[in-house]
Every structure is written in structure tokens, then in C-alpha cells.
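In our numbering, the protein residues as written are 22 to 393.
Input: a single structure, listed below in C-alpha cells.
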């Protein structure tokens, strides 16, 4: 199982993502994206960076992160034994706070995990990660916990409930994982737990589009204990007054991003050899991105197109890396990627939902009361 971007996961930061539902909202998001591009260019010369931490801020605006928000996350912990490997399902959250232009997070354990486990995993995994796009290669070798928490990344631009972020990197570049979100703030005060799940969650297999407030993967972990999950959904407890969930109408990657880890090296000499070994019957293009040779899946017209079953590869320092990618565009749109009956290529909006303190505290307490 491949790892994914921490920024993108933690909201699933992987970071955040959102765009507008409807022509007016969509245009607003384009405005924020344009502001973000200007901000990115401006900050190349004006921002001061100390090992990934911005020492000065050129952004003066209100953002949704002016209040503490929480993103729900999951992971599978591998347990090895003489009989093979098993995976333990774990649930946690990131408590996200803003300090000027920086975003920081603290892990919060929810089920079957401790905050220390999550922090140890962050310290180990992120420093081994690489992000490649048309602006170049970005590393996170200096990633470590700060006084304000674990650095997630940077606010690039913000307008109302719309926000563009970039992922933490050693050079403080605002072009690494530059993603624009358009959030809708939804009041869930007085609603039951069952109201934030797809209405058919107990009777069938909902589609990604049905998950608005919570991710499908987080839900699958809860559903794995069917008795506890049924009891959770049947609870009459309601969200307290002042409970809000921020739901993205869309999530826009402003660049195509290739990401990979030190552990992704393949014992192959060339990209052509890699493509022939793994995807010889598919259309792949050999290209140069950010100064590095890459190969990736394309449609019949030769254009980049996302397919979750077809990885890209990157050549770096004479080594071949089996990578992952996200193609530029709105990854929560049902039209994102290759149309497929077997693989869903777009992401659930609920994967990027953010909870305020009142809604998160209630949800976490309810889960912990049924999952012992």
C-alpha cells in the first residue's frame, strides 16, 4: 500500500481541496486560484525561509483557519509475524491551527492508536518524500515538530471560505502541492451522528459522491466493526449548538503533482524498462517535468489523464522510482480521470471535510463510547 502526501492526507492533507458548486462559485474559485498564482510568484523573492518555516508573512487576510479546525484521518498499521502480515485499522485527527502564513497540526488519537504513534510515523515518513511538478523537485528533509506543532504547509491565498494552500517543503515554495478549496460552512447543530453518513450506509455500498461530511475510508474502518457501527448510527445523541462542518464543493490541484518516497526505488535501469514491465499494453508518454525524466499514462490524444490503476514513474539520480500522481484539475468532480466501472478515480468531498471544535469533540466522544 503506497503512502500519500501528508498535507493532502491531513485534510486529508494529503492538504485541503475545494471548488465551487455552480457557475458563480466556480468563478470565485478561479479568482482565488489567480490570486494564488500571483502570490506564489511574488513570494519567490520576498519570503524568508528557515528550513521550511516562513519567518515573515506577506499575506494579510482572514481564513477559515482563524479558528481551530480538525480533519479526520485513517491508516492501516502493519503488524508482521511469523505467519505473515496483518493490518490494524486506526482512526485519528489533525488539530489544525494557523500562525501567520503557516499551518500547523497536532495529532489527536480517536481509535486504536496513540498520538505518539502518529507523530513517530510523521517524523519517519515525511522526510523520505519527494514532490515533483513543473516548478521543480521539492523535498522535506528538514521536517520536524515545531513549538506550534507539526508544519503542514502554507496559506497561499484566501477569500471568504475559499483558500489555496501549499505543502511544507524545505524551500518554503508556494508551488508544492498548490491546491485551491472552496468550502461551504454547514451547521450540524441538533443533528444525529447518522445524519453525517450516507443514508444508505447500512444497506448498500454508497458511491464516493455520497460522502459529504466524512470520508469513505474513515467510514469503512468504522463499519468494519458492524455492531459498534450500527449502535453509533442508532444513537439519539445530537451535535451540540455551534457545531459546524466545512464541506468542499470541489478540490482543485493547480498543477500536476508526482510524489514518491525513498522506498519506491525499483531495480530497473530505465523508464522504458519500467513501462514495459508494468504497463506495456497501455499508452504512456515519456516526458520531462521540472528537469526530471518521467513517464505517465495518457489518453488517445496524448494528454495526461488520471487512472488510479496506472502509476507514473520518475528517474532521479540514475534510479527509477515507482511514483503516484494527481493530474491537474478538480479531483472531487465525477468527471475527473478515466471513466471506469471498476475504479473510482475522483475523491469523496467528505475526505476533505473540516470540523470545528464543537462538532469534532462530539463526534470523537461518540466514536470512543462505542469503539472500545
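Ideal Cβ placement from N, Cα and C applies to all residues, glycine included.
Just so it is clear, the structure is predicted and the values come from calculations on it, not from any experiment.
- Per DSSP, the beta bridge partners of residue 124 are 119, 174.
- If you look at residue 314, you'll find it in the beta strand (DSSP E) that goes 313 to 318.
- Taking the CA atoms as reference points, residue 251 sits about 11 angstroms from residue 214.
- Between the region 274 to 289 and the region 151 to 162 there are three or more C-beta pairs closer than 8 angstroms, enough to call the two in contact.
- Residue burial annotation: residue 108 is exposed, with fewer than 16 other C-beta atoms found within 10 angstroms of its C-beta.
- Rounded to the nearest angstrom, the gap between the Cα atoms of residue 111 and residue 94 is 9 angstroms.
- Taking each of 117, 113, 144 in turn and checking the Cα distance to residue 135, the smallest one comes out for 113.
- With contacts defined as CB atoms closer than 8 angstroms, residue 183 and residue 198 fail to qualify as a contacting pair.
- By the neighbour-count criterion, in which 16 or more other beta carbons inside 10 Å mark a residue as buried, residue 372 falls on the buried side.
- For residue 93, the uninterrupted beta strand (DSSP E) run begins and ends at 90 to 102, by DSSP.
- Counting only runs of 3 or more residues that sit fully inside the region 295 to 348, the beta strand (DSSP E) segments are 305 to 310, 313 to 318, 334 to 337, 340 to 343, 345 to 347, in chain order.
- A Cβ-Cβ distance of about 24 angstroms is found for the pair residue 96 and residue 163, leaving them out of contact under the 8 angstroms criterion.
- When the alpha-carbon of residue 295 is set against those of 212, 258, 336, 327, the nearest one is in 336.
- Taking residue 357 as the centre and dropping the five residues before and after it, the same chain places the C-beta of 327, 350, 351, 366, 367 closer than 7 angstroms to its C-beta, in chain order.
- Residue pairing for residue 70: DSSP places it in a beta bridge opposite 75.
- Per DSSP, the continuous alpha helix (DSSP H) segment holding residue 239 begins and ends at 237 to 244.
- Per DSSP, reduced to three states, the secondary structure at residue 281 is strand.
- Around the beta carbon of residue 303, fewer than 16 other beta carbons sit within 10 angstroms, so the residue counts as exposed.
- If you check the CB distance, residue 235 and residue 287 do not come in under 8 angstroms.
- Taking 8 angstroms as the cut-off, the Cβ atoms of residue 167 and residue 266 do not count as close.
- The beta-bridge partner set that DSSP reports for residue 107 consists of 100.
- Between residue 259 and residue 211, the gap from beta carbon to beta carbon is short of 8 angstroms.
- For residue 283, the number of other beta carbons within 10 angstroms of its own is below 16, and it is reported as exposed.
- The alpha-carbon of residue 271 is positioned some 10 angstroms away from that of residue 205.
- Residue nearest to residue 160 within the set 216, 171, 148 is 148 (criterion: CA-CA distance).
- Within the model, the alpha-carbon separation for residue 331 versus residue 181 is close to 37 angstroms.
- With fewer than 16 other Cβ atoms inside 10 Å of its own Cβ, residue 76 counts as exposed.
- Here the C-alpha atom of residue 378 lies approximately 51 angstroms from the C-alpha atom of residue 290.
- Under DSSP, residue 259 forms a beta bridge with 213.
- A direct Cα-to-Cα measurement between residue 297 and residue 305 gives close to 10 angstroms.
- Residue 112 carries a strand assignment under DSSP once its states are collapsed to helix, strand and coil.
- Only residues of its own chain outside the window of five on either side were considered, and among them 113, 115, 136, 139, 140 have a CB closer than 7 angstroms to the CB of residue 128, listed in chain order.
- DSSP places residue 201 inside the beta strand (DSSP E), whose first and last residues are 200 to 208.
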